[in-house]
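Here my numbering is used: the first residue of the sequence shown is 86, the next is one more, and so on.
For each residue, glycine too, the CB sits at the ideal point set by N, CA and C.
Below is one structure, written out as structure tokens; the observations come after it.
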Amino acid sequence: MNDKLVLGLGGTVDYEIVWDSSVIEGLISEYHVNASEISTSIPVDSERALLLTLLAFLRDGVGGERFVTSSDIVEQFATRFDRRLTLGGTCVRAALAMRALGVDSTVHLVSIDDTVRELLPAGVDYLCSASEDSTDPHLIVQYPEGERIRSGDIDLVMPHPNRVIYANDPPNRELQLSAGLGAALAEAEVFMVSGFNSIQEPEVLEQRLVSLKEHMAQLPASAVVFYEDAGFHVPEMSQQVRDSIVGAVDIYSMNEDEMQAYVGRPLDLLDVGGMCDALAELQDLIPADALVVHSKYWSLAYGADAAKHDAGLRGGITMASTRYRHGDCFTAADYESVAELSPNALGAEFAESINTKLGDSVHCLPGITIDVEHPTTIGLGDTFVGGFVAALHRH
């Protein structure tokens, strides 16, 4: 076991579909969809409902994650496209990204099958709570910027590239913890936690939180605990997690979508004054030692002595930018090359302004300018985590 860096709490098998606007337009026609029906808030209990929510995400250019009432809906939709089989879940994608830099780790899984065993590379060990094999694929829809969808009264152009996830995954919904987790944590330098967002029953969530903290009691006093937030399938349950673990984690991290969900409004990511207000509100909601927010323009740490997270932020930005540019199969040389690219001009201006305004309580770094015809938007947050954790280990 590579127990210096332990990443949890659950991985997935993913169907990554190849984008095809004509298929979407055909489904709009087949299901007689009207523009007035498009919404992200409806339950995804049919292929038609999946289409309605997906169109809303496409229209707004945002990403998200939605629970599907049956894996059959995922299978039905995925068969309409060319697709490839990959491994997902924050802990697994972070571990795969770290391997590109030669950094080994152990991932905690809640399900396993031959696909997972085959695709996990040497250097990524695992412990798993499952007593038998199972497969519950996640559907990953990655869409490009500028693509147009026209059918019936629907006419939309996607303002940004992004990705949407649909899943019905009982093992991740139960998130059983391996009896060996505590022992694996006994020598850990870093423990990365994510995955509670899939649980849908408050009593199950409470049991897992209690169990997790029992395992975490075996962590060395010097270990860093990094929590990565995610889109909760039952949004109200995120507070249950926050209330339970905020005092047990050193770094509480999220992306721009999750931050906006917490403050309850859309944010202009380049408005320094508005972002300062939002960060103060976020800290009231989540009084962690350090908050990390990663976005397409910039990434920042917020809290006392925020600059101590410089290496982690740089590692996360560089790793996510490398995946955005090169996809799954990037190398350490690709990573080093991306690190030399110019910063995002808008992000650099924002970073300078907010660092000046808030002083030692914030440390903001700009994103990297990446100009690529076919960017990868799947797993960027997960890869950011991998870059951040690898930097913690290396520094």
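| field | Cα-Cα separation between Glu286 and Glu259, rounded to whole angstroms | value | 9 Å
| field | Cβ pair Val275, Val309 closer than 9 Å | value | yes
| task | Please state whether DSSP places Val129 in a helix, a strand or coil. | result | strand
| Entirely enclosed alpha helix (DSSP H) segments - the segment 386–462, minimum 4 residues | 395–411, 417–424 and 430–443
| task | List in chain order: all unbroken beta strand (DSSP E) runs of 3+ residues lying wholly within the segment 128–177. | result | 149–152 and 168–173
| Within 10 angstroms of its Cβ, does Cys512 collect 16 or more other Cβ (buried), or is it exposed? | No information on residue 512 is available, as it lies outside the stretch 86 to 480 that the chain covers here.
| query | What residue range is occupied by the uninterrupted alpha helix (DSSP H) comprising Met339? | reply | Premise fails: Met339 lies in the beta strand (DSSP E), Ile336 to Asn340, not in any alpha helix (DSSP H).
| request: Check the DSSP bridge columns for His193 and list the partner residues they point to. | output: According to DSSP, which records beta bridges pairwise, His193 is partnered with Leu212.
| Helix, strand or coil: which one does DSSP assign to Asn247? | strand
| message | On a Cα-Cα basis, can you pick out the residue from Ser338, His394 and Leu465 that is closest to Lys381? | response | Leu465
| Under three-state DSSP, which class holds Ser482? | The first residue shown for the chain is 86 and the last is 480, placing residue 482 beyond what the model contains.
| said: For a quick check, are the C-beta atoms of Gly149 and Asp342 less than 9 Å apart? | reply: yes
| query | Which residue's Cα is closest to the Cα of Glu434: Ile453, Val289, Arg410 and Asp419? | reply | Ile453
| said: Can you tell me whether Asn440 is buried or exposed? The criterion is at least 16 other CB atoms within 10 Å of its CB, across all chains shown. | reply: buried
| request: Taking all protein chains shown into account, decide if Arg248 is buried (16 or more other Cβ within 10 angstroms of its Cβ) or exposed. | output: buried
| Starting from Met322 and walking both ways along the alpha helix (DSSP H), at which residues does that stretch end? | That residue, Met322, is in no alpha helix (DSSP H); it is neither H nor E in DSSP.
| task | On a CA-only basis, which of Ser263, Gln324, Ile284 and Asp390 is nearest Met301? Give me that one, please. | result | Ser263
| query | Quick one: Cα of Ile113 to Cα of Ser126, how far? | reply | Cα atoms of Ile113 and Ser126: separation of roughly 18 Å, rounded to the nearest angstrom.
| field | Reduced DSSP secondary structure (H/G/I, E/B, other) of Val226 | value | strand
| message | Below 8 Å on the Cβ atoms is my contact criterion, and I expect Val91 with Leu270 to pass it. Report the Cβ-Cβ distance as a whole number of Å. | response | 6 Å
| query | If you check the beta carbons only, do Leu205 and Val98 fall under 9 Å apart? | reply | no
| request: Tell me Asp99's beta-bridge partners as DSSP assigns them. | output: Thr171 and His223
| query | Ends of the beta strand (DSSP E) at Glu286? | reply | Element bounds for Glu286: n/a, residue is neither H nor E.
| Residues of its chain near Ile58, where Cβ-Cβ distance is below 6 Å and the 5 sequence neighbours each way are ignored | This structure leaves residue 58 out entirely; the chain is present only between 86 and 480.
| query | Is Ser279 helix, strand or coil when you go by DSSP? | reply | coil
| query | Do you know how far the Cα of Arg178 is from the Cα of Ile250? | reply | 15 Å
| request: May I ask you to verify whether the segment 235–244 touches the segment 180–188, counting CB pairs closer than 8 Å and requiring at least 3? | output: Proximity of the segment 235–244 to the segment 180–188 falls short of the contact definition, fewer than three beta-carbon pairs being nearer than 8 Å.
| message | Taking a contact to mean a Cβ-Cβ separation below 9 Å, would you say Tyr347 touches Met360 in this structure? | response | Against a cut-off of 9 Å, the Cβ pair of Met360 and Tyr347 comes out as no contact.
| query | Nearest CA to the CA of Ser121: which residue from Ile109, Val108, Pro128 and Ala141? | reply | Check the Cα spacing between Ser121 and each of Ile109, Val108, Pro128 and Ala141: the tightest is with Ala141.
| request: Note down the Cα distance separating Gly96 from Gly174, rounded to an integer number of angstroms. | output: One C-alpha to the other measures close to 4 Å.
| Range covered by the alpha helix (DSSP H) that runs through Glu259 | Pro255 to Glu259
| What is the rounded straight-line gap between the Cα of Gln227 and the Cα of Arg165? | Approximately 15 Å, taken between the alpha carbons.
| query | On the premise that Ala436 lies in contact with Pro451, defined as a C-beta separation below 8 Å, what is that separation, rounded to the nearest angstrom? | reply | 5 Å
| When the Cα atoms are used, what is the spatial distance from Ala430 to Glu217? | 50 Å
| query | From His394, Ala392 and Val423, pick the residue whose C-alpha is nearest to that of Ser406; which is it? | reply | Val423
| query | For Ser219, which of Asp254, Ile284 and Val326 has the nearest alpha-carbon? | reply | Asp254
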